[in-house]
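In the working numbering, the protein residues as written are 271 to 736. For every residue, glycine included, the Cβ atom is placed at its ideal position computed from N, Cα and C.
In structure tokens:
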């Protein structure tokens with residue numbers, strides 16, 4: 271550090287000419303020492319580099335005893351999750367990878383090199399462990415980036431390099447969009463077995479301090495575990511370090527864009543039973559809802575892998591579409607009952623008791639019953655006798671010889687015919703009305719039944735989010 275003073279001899283003052291001449295050599299000597307030290311340091315660094323690599327080969331494992339293993343410590347820092355391709359089951363991540371080992375051939379006495387204890391050189395100059403990502407899924411794999419390595423005087427080498435990795439990840443979409451995934455990063459030597467190179471994990475988990483938050487996935491952790499595996503090709507053990515990245519999907523996007531619209535459309539299906547049968551739109555509503563759900567089903571199928579695990583939202587779509595299919599079929603059946611013609615048989619007694627009494631009260635269809643203008647059953651029985659409507663009882667010995675009596679009999683027969691036609695018409699109308707009432711009660715019953723089914727299915731899938 272240099273102190274700047276004024277012209278007085280004190281800081282900020284004026285210097286005398288004599289004092290100025292005394293201080294000038296001090297500044298010159300300090301500057302000369304700094305330049306000389308820098309040059310000396312660079313000189314020793316160049317000499318150290320020449321001495322270290324005079325007889326050094328980066329092709330051989332740097333150990334003094336070839337029968338001993340070389341320990342390599344691995345540390346992974348997760349920087350960012352770039353993409354999760356569920357359909358192709360590939361995870362793209364940005365990692366910082368640190369590898370630390372001791373090179374027995376790159377040691378020096380720092381006192382012999384002006385206290386120089388650390389140098390930084392290109393990594394291609396030294397031997398590097400061939401640690402690769404076993405479950406790599408990149409089509410254009412080029413290996414680690416050629417960054418510099420840091421070599422200390424005791425031979426310890428630290429190699430830090432960034433990497434954008436594409437690893438295979440088995441995606442389980444059974445609970446999509448409320449799913450959690452576990453993706454593994456397995457690092458190990460490609461050619462050295464455990465007797466030649468042993469890989470160790472620096473920490474129990476990856477470093478997440480510099481993680482950039484992802485908009486779709488929440489990182490729950492990334493524990494590390496060392497494994498020793500014996501493969502079928504070789505008898506020697508091969509150690510590796512596996513980092514398990516635990517992810518949980520942020521389901522808000524899919525809830526608002528796929529799930530809630532489906533739930534709202536599903537609640538339209540039971541309303542088809544509430545439409546009047548004469549509107550002609552009951553079946554059209556069911557078909558329209560079915561088409562809308564089919565579009566959402568296709569959207570989900572585009573992003574999901576073609577696996578045997580059906581996602582939860584897909585099951586909900588299929589269940590809803592099945593329910594809508596059943597409701598449309600029941601609507602057609604009920605409309606057939608409603609529009610039954612005059613040739614329809616009377617409503618069975620069990621149907622009158624079960625549907626027109628119990629179900630009608632259960633579904634709050636209180637208007638079901640006889641019309642106030644309809645005659646009571648006993649009056650209808652009274653009207654079934656011949657000429658009962660006219661109040662005249664014919665006798666077997668009724669004589670029809672005179673013309674007046676013949677005209678009266680003809681008139682009575684005409685009246686009886688008209689009364690019978692009227693009775694038949696009223697009976698037909700009453701029979702058709704009863705079938706319409708049966709159809710209305712069934713409509714109301716299935717409406718409440720399907721509302722309950724839609725509510726339970728929606729509650730079930732929403733419960734998975736909790």
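Beta-carbon contacts of residue i that lie in its chain and below 7 Å, excluding the five residues immediately before and after
i	result
residue 715	629, 633
residue 341	371, 468, 470
residue 476	346, 347, 348, 492, 494, 513
residue 480	347, 349
residue 617	704, 705, 708
residue 644	Here residue 644 scores only 44 on pLDDT, less than 50, and its place in the model should not be relied on; the value that follows carries that caveat. Closer than 7 Å at Cβ, skipping near neighbours: 700.
Buried versus exposed call for residue i [16 or more other C-beta atoms within 10 Å across all chains shown]
i	result
residue 491	exposed
residue 565	exposed
residue 555	buried
residue 494	buried
residue 620	exposed
residue 367	buried
residue 387	exposed
residue 598	buried
residue 726	exposed
residue 327	exposed
residue 248	This structure does not reach residue 248, given that the chain is present from 271 up to 736, and the question cannot be answered.
residue 583	buried
residue 567	buried
residue 459	buried
residue 569	exposed
residue 713	buried
residue 557	exposed
residue 509	buried
residue 631	exposed
Per-residue DSSP class, three states only, for residue i
i	result
residue 368	strand
residue 705	helix
residue 438	strand
residue 728	helix
residue 344	strand
residue 450	strand
residue 381	helix
residue 606	helix
residue 467	strand
residue 647	Caution applies to residue 647, whose pLDDT of 47 falls short of 50 and renders its modelled position unreliable; the model cannot decide the point.
residue 402	strand
residue 396	coil
residue 668	Here residue 668 scores only 45 on pLDDT, less than 50, and its place in the model should not be relied on; the value that follows carries that caveat. Correct three-state label for residue 668: coil.
residue 308	Summary for residue 308: the model assigns pLDDT 46, below 50, so the residue's position carries little reliability, and this model does not support an answer.
residue 574	coil
residue 350	strand
residue 536	helix
residue 482	strand
residue 355	strand
Paired residues, beta bridge with residue i - DSSP
i	result
residue 433	365
residue 488	518
residue 497	510
residue 390	420
residue 425	DSSP lists no partner for residue 425.
residue 457	403, 511
residue 632	In DSSP, residue 632 forms no bridge with anything.
residue 475	493
Same chain only: Cβ atoms within 6 Å of residue i, ignoring 5 sequence neighbours per side
i	result
residue 330	none
residue 333	340, 374
residue 625	708, 711
residue 484	351
residue 361	354, 437, 439, 453
Among the options, the one whose alpha carbon lies nearest that of residue i
i	options	result
residue 732	475, 446, 348, 428	446
residue 604	613, 553, 567	553
residue 352	364, 358, 346	364
residue 406	523, 384, 453, 398	453
residue 635	575, 580, 718, 428	718
residue 478	448, 325, 515	515
residue 414	695, 457, 585, 677	457
residue 381	314, 343, 411	314
residue 723	586, 546, 428	586
residue 541	720, 418, 681	720
residue 376	324, 675, 336	324
residue 588	700, 627, 536	536
residue 595	678, 623, 563, 574	563
residue 580	546, 443, 321, 418	443
Residues of its chain near residue i, where Cβ-Cβ distance is below 8 Å and the 5 sequence neighbours each way are ignored
i	result
residue 610	702, 705
residue 461	400
residue 519	446, 447, 448, 449, 450, 451, 486, 487, 488
residue 511	344, 456, 457, 458, 469, 470, 471, 494, 495, 496, 497
residue 574	356, 357, 443, 446, 581, 584
residue 464	339, 498, 506, 507, 508, 509
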